[in-house]
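Chains as they are written, first to last, in UniProt numbering: chain A, 1 to 214; chain B, 1 to 214.
Protein chains: 2
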Amino acid sequence: MKLLGYWRSSAAYRVRIALNLKGLDAELESVHLVKNGGEQHLPEYAALNPQELVPTLIEGDNEFVLSQSLAIIEYLDEQYGGAMMLPTAPKARAEVRAMALSIACEVHPLNNLKVLQYLTNTLELDEDAKNAWYHHWIHQGFSAFEKQLEKHAGSYCYGDEVTLADLCLIPQVYNANRFKVDLSTYPNIRRIWDNCHQLEAFVLAAPERQADAS
Amino acid sequence: MKLLGYWRSSAAYRVRIALNLKGLDAELESVHLVKNGGEQHLPEYAALNPQELVPTLIEGDNEFVLSQSLAIIEYLDEQYGGAMMLPTAPKARAEVRAMALSIACEVHPLNNLKVLQYLTNTLELDEDAKNAWYHHWIHQGFSAFEKQLEKHAGSYCYGDEVTLADLCLIPQVYNANRFKVDLSTYPNIRRIWDNCHQLEAFVLAAPERQADAS
Chain A
1 MKLLGYWRSS AAYRVRIALN LKGLDAELES VHLVKNGGEQ HLPEYAALNP
51 QELVPTLIEG DNEFVLSQSL AIIEYLDEQY GGAMMLPTAP KARAEVRAMA
101 LSIACEVHPL NNLKVLQYLT NTLELDEDAK NAWYHHWIHQ GFSAFEKQLE
151 KHAGSYCYGD EVTLADLCLI PQVYNANRFK VDLSTYPNIR RIWDNCHQLE
201 AFVLAAPERQ ADAS
Chain B
1 MKLLGYWRSS AAYRVRIALN LKGLDAELES VHLVKNGGEQ HLPEYAALNP
51 QELVPTLIEG DNEFVLSQSL AIIEYLDEQY GGAMMLPTAP KARAEVRAMA
101 LSIACEVHPL NNLKVLQYLT NTLELDEDAK NAWYHHWIHQ GFSAFEKQLE
151 KHAGSYCYGD EVTLADLCLI PQVYNANRFK VDLSTYPNIR RIWDNCHQLE
201 AFVLAAPERQ ADAS
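Here it is, written out as structure tokens:
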């Protein structure tokens, strides 16, 4: 099994945590998202992943090629078992998915590399306006997430087991810290960040621990 | 079962199709996204859905309240059975989820109401720049999706059964048509649009068929 990713990609980071929690061995291969205009746009990579995004999971000799981090994580759960990223009861599974999607569909898509590049290159926003954009969507998303946590959180986002919701939250918090977003009004988010970082699976998946970090 | 939505919301439209395909009866209740600054921001609604987005699924007397269209659709599959929106084999399920997420995480979040409002109100973009933004993300997403379809499509996005991928594609095409995006270079997308509209479940879920359409 091979995971094509990039140290700073939040989506690849989610999958790295899942692989660690499930104890699955995957070869991590770097696709540099910035160098030479972005290696994700090279024809060889685009043939594997037409969205030209990371991560991509590959099994065998390109026998099975899968994109989209949440699809990859649910696949790992369904195909490999082990520690599960979703609870078993339908209502609980649904609530965890909703929390995960509230990051993956509402926050991350607005703040990822391709969007920030459009803001700079096409809309010609200055750094202040770009930062304001970034902070706006983080605060909107995290305010709503914090309310979900008040209802569902235990040690982690949903009760006392790590779930897909934590796998989405932690990389987004990492990213928010990088952009110096003030998270003081989100006590549950900060607490869950601390709790997750007691676990080796999260620590080892962190961007700065990856071989391609620079 | 009650679905709080809005006729023009792509996310609510996805769930309406699923309810129809599964033959589930749900009371549709309108949350007007524009009138009075948006009814989704009213305290009563925000208490149910802290993201202040539609749709929200409600069972019983607010006993179970669920947000996020993809979480809702997977919940309906897991809880109610009937026509299934995902295949049964893990690899096929994963590929369908990846296709659905490539719309739900890469296209729709960039073109929904809250983002278009930010472009107008905060970035003060004119209509041309806003349209260019809209078209850019549709073309980027649909180009990649068309390549996925070359690999996976039959009568529908993934083989000859309707799946979650179709439920995400059709509302996005509806939206693209509304913004006059030229779809002539996406023959598979147009073909699947036509095929889906042979099915009553899609026809009856269309925005202009809803009671709150104006």
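Here a beta-carbon is modelled for each residue, glycine too, at the ideal position from N, C-alpha and C. Note that the structure is a prediction, hence the values are computed from the model and not measured.
Secondary structure of residue i, DSSP reduced to three states
| i | result |
| --- | --- |
| B/LYS130 | helix |
| B/PHE179 | coil |
| B/LEU28 | strand |
| B/LEU42 | coil |
| A/LEU48 | helix |
| A/LEU86 | coil |
| A/LEU53 | coil |
Range covered by the alpha helix (DSSP H) that runs through residue i
| i | result |
| --- | --- |
| A/LYS35 | No alpha helix (DSSP H) contains A/LYS35, which DSSP labels as neither H nor E. |
| B/VAL65 | Counting along the chain, B/VAL65 falls outside any alpha helix (DSSP H), though it belongs to the beta strand (DSSP E) covering 64-67. |
| B/LEU21 | 10-22 |
Residue i, enclosing beta strand (DSSP E) - first and last residue
| i | result |
| --- | --- |
| A/MET59 | Before going further, note that residue 59 of chain A is Glu rather than Met in the sequence given. Where A/GLU59 is concerned, the enclosing beta strand (DSSP E) stretches over 56-59. |
| B/LEU3 | 2-5 |
Spatial neighbours of residue i in its chain, beta-carbon cut-off 7 Å, leaving aside the 5 residues before and after
| i | result |
| --- | --- |
| B/ALA83 | LEU21, LYS22 |
| A/GLN51 | SER67 |
| residue 219 of chain B | Shown here, chain B extends from 1 to 214; a query on residue 219 of chain B therefore has no answer. |
| A/ILE72 | VAL15, PRO55, LEU57, LEU66 |
| B/HIS197 | VAL203 |
| B/ALA104 | LEU70, CYS168 |
| A/TYR75 | LEU66 |
| A/LEU42 | none |
| residue 263 of chain A | Shown here, chain A extends from 1 to 214; a query on residue 263 of chain A therefore has no answer. |
| B/ASN188 | GLU146, LEU149, GLU150, ALA153 |
Proximal residues to residue i (C-beta, below 6 Å), its chain only, five neighbours per side dropped
| i | result |
| --- | --- |
| B/GLU106 | GLY141 |
| B/ILE138 | ALA176, VAL181 |
| A/ALA100 | LEU164, ALA165, CYS168 |
| A/HIS152 | TYR158 |
| A/ASP77 | MET84, MET85 |
| B/VAL162 | TYR156 |
| A/ASP212 | TRP7, SER30 |
| B/ALA46 | GLU52 |
| A/ASP160 | GLY154 |
Same chain, Cβ closer than 8 Å to residue i, neighbours up to 5 away in sequence not counted
| i | result |
| --- | --- |
| A/SER155 | ILE192, ASN195 |
| B/LEU33 | TYR6, ARG8, SER9, GLU39, GLN40, VAL54, LEU113 |
| A/MET1 | LEU24, ASP25, ALA26, GLU27, LEU57, ILE58, GLU59 |
| A/PRO109 | VAL115 |
| A/ALA206 | TYR13, TYR174 |
| A/ARG209 | VAL203 |
| B/ASN49 | LEU4, GLN40, THR56, VAL65, SER67 |
Any non-hydrogen atom of the ligand ATP within 7 Å of residue i CB
| i | result |
| --- | --- |
| B/MET1 | Of the ligands one can find in the structure shown there are none, so the ligand ATP has no counterpart to examine. |
Checklist line | Cβ contact (3+ pairs, closer than 8 Å) linking the stretch 197-209 of chain B and the stretch 18-28 of chain B | finding: yes
Check: Where in the UniProt domain "GST C-terminal" (89-214) of chain A do unbroken runs of the alpha helix (DSSP H), each at least 4 residues long, occur, reported from the N-terminal end onward?
Finding: 90-104, 108-111, 113-121, 127-152, 164-178, 187-196, 200-205
Item checked: Contact between the stretch 116-125 of chain B and the stretch 64-71 of chain B (3+ Cβ pairs under 8 Å) -> Contact fails: fewer than three Cβ-Cβ distances are below 8 Å.
Notebook entry, point to check: Does the stretch 190-198 of chain B come close enough to the stretch 167-175 of chain B that 3 or more CB-CB pairs lie under 8 Å?
Noted result: yes
Margin query: Assess contact between the stretch 53-60 of chain B and the stretch 127-141 of chain B, defined as three or more Cβ pairs (one per stretch) separated by less than 8 Å. Is contact present?
Written below: Cβ pair count under 8 Å is below three, so no.
Note to self: Within 8 Å, do at least three Cβ pairs link the stretch 91-102 of chain B to the stretch 35-53 of chain B?
What the structure shows: no
Margin query: Does the structure place the stretch 145-161 of chain A close enough to the stretch 143-157 of chain B that three or more beta carbon pairs sit under 8 Å?
Written below: no
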